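Novice: In the UniProt record's numbering, the protein residues as written are 1 to 104. Glycine included, every Cβ here is placed at the ideal spot set by N, Cα and C. Please read all numbers here as calculations on a predicted model, not as lab measurements. What follows is a structure written as structure tokens; I'll ask about it next.
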């Protein structure tokens with residue numbers, strides 16, 4: 001009986017870990033992007049309006065990640081879509097922090 005319970009717990013644990021592991025890379029990347037955004041805001045390189053636009057874009061990425069992990073497995077196409085969204089966001093952060101506008 002004890003072996004069956006341990007086996008059941010192991011199966012449940014193994015089935016939940018892949019969904020978490022597949023989004024770890026994108027979440028780590030998003031964390032780095034958040035740091036870049038915060039640095040741009042504190043240095044005055046990103047204006048309040050630019051910050052709102054970037055945050056809205058980050059919220060869309062978060063929503064896409066939640067939708068992708070809802071079934072417990074992130075497909076290749078979902079992963080590709082999220083990475084493309086993060087690529088666009090990264091370019092957007094760079095452009096907005098290097099466009100010559102400063103908050104004084």
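(1) Please determine, among 95, 48, 36, the residue with the shortest C-alpha to C-alpha distance to residue 104.
(2) Quick one: using the 10 Å Cβ neighbour count with 16 as the cut-off for buried, is residue 68 buried or exposed?
(3) Assign residue 46 to one of three DSSP states: helix, strand, or coil.
(4) Give every residue of the same chain whose Cβ lies closer than 7 Å to the Cβ of residue 92, excluding the five residues on either side of it in the sequence, and list them in chain order.
(5) Could you tell me the alpha carbon to alpha carbon distance between residue 100 and residue 84, rounded to whole angstroms?
Specialist: So, from the data block:
(1) Here residue 104 refers to the residue found at position 104 when the chain shown is read from its first residue. Answer by Cα proximity: 48.
(2) For this step, residue 68 is matched to residue 68 along the chain shown. By the neighbour-count rule (16 or more Cβ atoms within 10 Å), residue 68 is buried.
(3) Residue numbering aside, residue 46 sits at position 46 when the chain shown is read from its first letter. DSSP places residue 46 in coil when its eight states are reduced to three.
(4) The residue you call residue 92 lines up with position 92 of the chain shown. Result list for residue 92: 54, 57, in chain order.
(5) Within the chain shown, the letter at position 100 stands for residue 100. Within the chain shown, the letter at position 84 stands for residue 84. In a straight line, the C-alpha of residue 100 is about 26 Å away from that of residue 84.
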